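In what follows, a structure is listed as structure tokens, so that the remarks can point back to it.
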Amino acid sequence: MRRRLLFRTLVVLLLLPWGTGAWAATKWDYYVFVGITHPIGQYAKEFAEEVKKRTQGELEIIVRPAGELPYRATEVVRTTGQGQVQLADGYQGFIAGDAKIAALPGLPFLVRTAEELKKAMGALEPYVVSELERFGATILFWYTWPPQNVWGRGEPISTIDGFKGRKIRATSPEQTEMLRRFGAVPVTFTTPEVPAAAQRGAMDGNLTAGFNLLGAKWYEFSEWGFLPDIHIGGPSYILVSKKALDALTPEVRKTLQAVAGEFHQRMFREIPAREEQDRKTL
Numbered sequence: 066m067r068r069r070l071l072f073r074t075l076v077v078l079l080l081l082p083w084g085t086g087a088w089a090a091t092k093w094d095y096y097v098f099v100g101i102t103h104p105i106g107q108y109a110k111e112f113a114e115e116v117k118k119r120t121q122g123e124l125e126i127i128v129r130p131a132g133e134l135p136y137r138a139t140e141v142v143r144t145t146g147q148g149q150v151q152l153a154d155g156y157q158g159f160i161a162g163d164a165k166i167a168a169l170p171g172l173p174f175l176v177r178t179a180e181e182l183k184k185a186m187g188a189l190e191p192y193v194v195s196e197l198e199r200f201g202a203t204i205l206f207w208y209t210w211p212p213q214n215v216w217g218r219g220e221p222i223s224t225i226d227g228f229k230g231r232k233i234r235a236t237s238p239e240q241t242e243m244l245r246r247f248g249a250v251p252v253t254f255t256t257p258e259v260p261a262a263a264q265r266g267a268m269d270g271n272l273t274a275g276f277n278l279l280g281a282k283w284y285e286f287s288e289w290g291f292l293p294d295i296h297i298g299g300p301s302y303i304l305v306s307k308k309a310l311d312a313l314t315p316e317v318r319k320t321l322q323a324v325a326g327e328f329h330q331r332m333f334r335e336i337p338a339r340e341e342q343d344r345k346t347l
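Using the working numbering, read the sequence shown as starting at 66 and increasing by one per residue.
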């Protein structure tokens, strides 16, 4: 009787971790270059929550907003590929130094709408993936910011001549070259550095979208907008470590990719649509 009871107890103990989810979850760090209250930060948070829910806690993604980790937005291809983070938001202009082809849609006046970007990415994405894989990373999904325009303070810019001598922040080498040809003085700051740069007079204007001006509260140092829709603000690639992705169980990996596909569709639909209302608000 005792032996039978001991055997049953042992079986229960062996099964208990599986039945109660006591095994440790896989934890990933997700680097984003905006604050957690920014709309993009909120999308990242919702994505992480949905993955945790759908994997029943087997994959826990911790969103790391700007400033929480010692990495710059320009370094995410390498930090993700090397496994220092498992996920990262890589804006096309920021990652151009490591993956130049990824920034091709950011050429001024080449791709100016979300629908044009969708067509372009149909042809471009395999080449971007190939380039990223050299670093040990790949694309989980991508989204786009709205069209990029010029927002600033002081004397408003309304023509190309108005750029002459003005310090305008660019986010890619291509924007830098365009501004130089316009006679402006291009300056480069990553997203978290922009408010301080504006406060100390290191920039007069900024290439971004109204969506970001509101989301990042950059309207606090902006007085006007010049809106030629220079190019669509994307893609922004959600990069994933190939090693970390391959280490997931097939079921968890499939669920992660399914949620990623849903967020690609949702963000592609919602973010550009917000720009018109955001411009009215500004």
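Just so you know, even glycine gets a beta-carbon here, dropped at the ideal spot from N, CA and C. Every value quoted in this text rests on a predicted model; they were computed, and no experiment measured them.
For Pro135, the three-state DSSP class (helix, strand or coil): coil
Backbone CA spacing between Glu115 and Thr102 [nearest angstrom]: 18 Å
Opposing strand residues paired with Gly270 [DSSP bridges]: By DSSP's assignment, Gly270 forms a beta bridge with Gly217 and Ile233.
C-alpha gap between Trp207 and Ala113, whole angstroms: 15 Å
Through-space distance from Gly299 to Val259, alpha-carbon basis: 19 Å
Beta-carbon proximity check, Val215 vs Lys232, cutoff 8 Å: It is not a contact, given that the beta carbons lie outside the stated cut-off.
Best match in Pro135, Ile225, Lys183 and Ser195 for proximity to Trp210 [C-alpha to C-alpha]: Lys183
The stretch 216-229 touching the stretch 135-151, judged by at least three CB pairs closer than 8 Å: In short, these stretches do not touch, since the Cβ pair count stays below three.
Boundaries (first-last residue) of the beta strand (DSSP E) holding Phe291: Note, Phe291: beta strand (DSSP E), Trp289 to Ser306.
DSSP-derived helix/strand/coil call for Gly155: The three-state secondary structure of Gly155, taken from DSSP, is strand.
Classification of Tyr192 by the beta-carbon crowding that lies within 10 angstroms, buried from 16 upward: exposed
Option in Gly162, Ala138 and Leu272 with minimal Cα separation from Pro238: Considering only alpha carbons, the answer is Gly162.
Sequence-distant residues of its chain with Cβ nearer than 8 Å to Ile222 (five each side left out): Val215, Phe228, Arg231, Gly270, Trp289 and Phe291
As assigned by DSSP and simplified to three states, the class of Ala87: Bear in mind that a pLDDT of 47 at Ala87, under 50, signals an unreliable position, so the model cannot answer this.
DSSP beta-bridge partners of Ala202: Bridge partners of Ala202: Ser306.
Contact under 8 Å by Cβ, Asn143 with Val97: In the sequence on display, residue 143 carries Arg and not Asn. Result no, Cβ atoms of Arg143 and Val97 do not sit closer than 8 Å.
Cβ neighbour criterion (16 or more within 10 Å) applied to Gly280: Burial call: buried.
6 Å CB neighbourhood of Met37 in its chain, flanking five on each side removed: Residue 37 cannot be examined here, being either before or after the span of the chain that is shown, 66 to 347.
As assigned by DSSP and simplified to three states, the class of Asp94: strand
Classification of Glu341 by the beta-carbon crowding that lies within 10 angstroms, buried from 16 upward: exposed
Other residues of its chain near Ala202: CB distance less than 7 Å, five sequence neighbours each side excluded: Val142, Thr145, Gly146, Leu304, Val305, Ser306 and Lys307
Per-residue burial, Thr122 [other beta carbons within 10 Å of its own, 16 or more giving buried]: Reading the sequence as shown, one finds Gly at residue 122 and not Thr. Exposed: under 16 other Cβ atoms inside 10 Å.
Nearest-angstrom Cα separation, counted from Tyr156 out to Arg199: 18 Å
Rounded C-alpha distance that separates Ser287 from Asp294: Going by the C-alpha atoms only, they are around 18 Å apart.
Cutoff 6 Å; reference Arg339; Cβ partners in own chain excluding five residues on either side: Phe276
Residues of its chain near Pro170, where Cβ-Cβ distance is below 8 Å and the 5 sequence neighbours each way are ignored: In chain order, Gln157, Val176, Leu182, Ala185, Met186, Leu189, His296, Ile297, Gly299 and Pro300 place their CB closer than 8 Å to the CB of Pro170, counting only its own chain and leaving out the 5 sequence neighbours on each side.
Endpoints, the alpha helix (DSSP H) within which Thr241 is located: Pro238 to Arg246
Reduced DSSP category for Leu124 - H, G, I as helix; E, B as strand; rest coil: When DSSP states are grouped into helix, strand and coil, Leu124 belongs to the strand group.
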